[in-house]
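Quick notes on the structure that follows.
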């Protein structure tokens, strides 16, 4: 019973829900469409609940550090838990679109995350100075392409030579578009293969099982 | 809102920005770490607030009008919380399997039409006429085929002329991919710069200089 | 302590960081205002928006960016919203990327002052964030009322004049997607291609080379790439904003990036030659 619930039942659910999605697309049957609609809404509900699980998970991880009294760290973890639950209670009470909540959102969350992303530029520019070396034709092409696109997208590029903007547009529209199109097609093949394997139970990685379904089985000898 | 609160809010935002910027402009320090933990708590708190409100308005409120199926669905998704109980953690797979199955099904049907057939169809462009020049169209077709060839070819190479010619094709593919990576890098600089300069603009505005 | 401070501040990373910050401050305080070249993809978007009116079906405005990318995406959504407001076009705002989008949508409403000219429920509706990623995007186009049963303020969408008759994708004239989370292929796959709904997408500047492939085969009708794209739209619409203010900063920092690459290479090859000798 446990093995059925642990592995077989989830695989069956994946198979049925995947086939419903595919069947709805290829067959115009009213019964399938209404079942598909309900199942899709269930998936949306699962995604919403998963976000609440994240809050509990963060709380438990931080509580572990607080109880262990990790040297130099536990006050930060305590602050994290206190702020987290204050935020949740206050947010549920006032609502995410209220003026008071937006005060916290804009002055704390937005300020912090915008700054965290903002400091990445310093590492990027450090990388330009330390790591970008023209060691061969390939790196030369990459840096030349980067320079031309940069000069075509900035106002000063137009002052230096008016041809930079059309050249940059050409690079994006012709060789770049062609190359990325090849990548899109190859990625689509890979994505379809993974989706197919997931629906038909050949890929169990989403369950945390990394071995293949046929691993360990002896191959039958053909006469 | 009270102007004092607005001013205090701006002061808090500037202070938090300076705390984060202290890391690259000076070095890692306690105020940076404090700001990091604040960011984690705020982000997870915000996500939880939005999720709970969504569940309440989409699943609980309709139950008051008689649609109990939505409440049953929501209670079923609470099996996700069993991830914290080691003995029953496998029950998490039940609601997750819906998400995985539906996501895979939708991806399979949409990727095939859009990113496989649609892009191949878009590559079937006339090499003689059309809105772009013949050379441009030829470059697009050749680069697309070469990049696909790079990832899908698996033939063993011989040292004959045909083999050596075949061997040069992945090199050509890499050149086209380098154009793409370079264009992404060149375009990406603007993204990173704006993320930083946006905060600088905010601080200058807060100080009344802009 | 002073020696330690001096040593820390003279590290290469700190020097470059301070150099960048000082450059940005100087340029913001003393802007140059160089002219901008408008790209065809932005012009397509502007032309399409200009052709809409209060008789058109509502536009689905997708708020798909995070709090961290506000400096990049907010100028774009602000200028497009203002442009559509000038034309009297009805808008439905929704988010499909991250939970921040509900509050971000409200921030956009406050910054453009939509409440002053538009009536809520009649001219615009804010649904907010819907969890689920691609599943939510697909469901929005197939069973709109089911997945967006209420708006961000708790009002049932079936009771609002603008959304009560919206059932699926065909009830929208276009999708204007402001995306920095990388969801634009999902909108292409679930709305633009299967249901032929015109899709116009704002993307990170770093995603611009990728969306060009979709644009060149007609799966996306127009796009804006980062702040340069938003600045071009501001020029076309005559509604200057934060994007135009940032173009000079972009110019100087890009030139600095190129100088750093060249300088780094010159130093590297000079040292290698000296070591060989």
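Residue numbers (my numbering), protein chains in the order written: chain U, 1 to 223; chain L, 224 to 433; chain F, 434 to 710. Note that CB positions come from ideal geometry on N, CA and C, so glycine has one too.
DSSP, read as helix, strand or coil, puts residue 607/F in strand.
Under the 10 Å beta carbon count, residue 252/L is surrounded by fewer than 16 other beta carbons and is classified as exposed.
Burial state of residue 344/L is exposed, judged by a 10 Å Cβ sphere holding fewer than 16 other Cβ atoms.
Counting only runs of at least 4 residues, the segment 448-502 of chain F fully encloses the following alpha helix (DSSP H) elements, listed from N- to C-terminal order: 473-483.
About 5 Å separates the beta carbon of residue 666/F from that of residue 512/F, a gap short enough to meet the 8 Å contact definition. Cβ proximity to chain U below 9 Å picks out 680, 681, 683, 684, 685, 686, 687, 688, 689, 690 from the segment 673-690 of chain F.
With distances taken between CA atoms, residue 680/F lies nearest to 662/F out of 662/F, 692/F, 691/F.
In chain order, 164, 165 place their CB closer than 8 Å to the CB of residue 158/U, counting only its own chain and leaving out the 5 sequence neighbours on each side. With contact defined as three or more Cβ pairs closer than 8 Å, the segment 646-653 of chain F and the segment 487-500 of chain F are not in contact. Among the bridge pairs identified by DSSP, residue 636/F is matched with 612/F, 658/F. Each residue's CA atom was taken as its position, placing residue 399/L and residue 460/F some 36 Å apart. Taking every protein chain shown into account, the CB of residue 678/F has 16 or more other CB atoms within 10 angstroms, so this residue is buried. Residue 524/F is bridged by DSSP to 492/F, 557/F. Taking 8 Å as the CB threshold, residue 365/L stays off the interface with chain F. Three or more beta-carbon pairs drawn from the segment 417-427 of chain L and the segment 111-123 of chain U are found closer than 8 Å, and the two stretches are therefore classed as touching.
Scanning the segment 326-401 of chain L from its first residue to its last, the whole alpha helix (DSSP H) runs of 4-plus residues come out as 342-346, 357-375. For residue 111/U, the nearest CB of chain L lies under 8 Å from its own CB, placing it at the interface with that chain. Residue 583/F has 589/F as its beta-bridge partners, per DSSP. Proximity to residue 303/L across 319/L, 233/L, 372/L peaks at 319/L, based on C-alpha coordinates. When DSSP reads this structure, residue 562/F sits in a beta bridge with 528/F. A Cβ-Cβ distance of about 46 Å is found for the pair residue 13/U and residue 395/L, leaving them out of contact under the 8 Å criterion.
Closest in alpha carbon position to residue 23/U, among 206/U, 210/U, 199/U, is 199/U. Contact note: residue 421/L reaches chain U through 114, 118, using a C-beta cutoff of 8 Å and chain order.
If you look at residue 7/U, you'll find it isn't in any alpha helix (DSSP H); DSSP assigns it neither H nor E.
The segment 81-90 of chain U makes no contact with the segment 403-420 of chain L: fewer than 3 CB pairs, one atom from each, lie closer than 8 Å. Taking CB atoms only, residue 460/F has no neighbour in chain U less than 8 Å away. Contact of residue 232/L with chain F by beta-carbon distance below 8 Å is absent, the smallest such distance being about 13 Å. Out of 548/F, 620/F, 543/F, 611/F, the CA that lies nearest to the CA of residue 575/F is found in 620/F. When the five nearest sequence neighbours on each side are left out, the beta carbons in the same chain lying within less than 8 Å of the beta carbon of residue 599/F are those of 491, 525, 577, 578, 590, 605, in order along the chain. Beyond the five residues adjoining it in sequence on each side, residue 270/L comes within less than 7 Å, by CB distance, of no other residue in the same chain.
Residue 96/U sits in coil when the DSSP states are folded into three classes, being neither helix nor strand. Between the alpha carbons of residue 144/U and residue 153/U lies a distance of about 14 Å. Among the residues facing chain L, residue 178/U is included, as its CB has a counterpart in that chain under 8 Å away. Taken atom to atom, the span from the alpha-carbon of residue 592/F to that of residue 53/U is near 32 Å. For residue 135/U, no alpha helix (DSSP H) segment is defined, and its DSSP state is neither H nor E. Residue 3/U and residue 201/U have their C-alpha atoms some 15 Å from each other.
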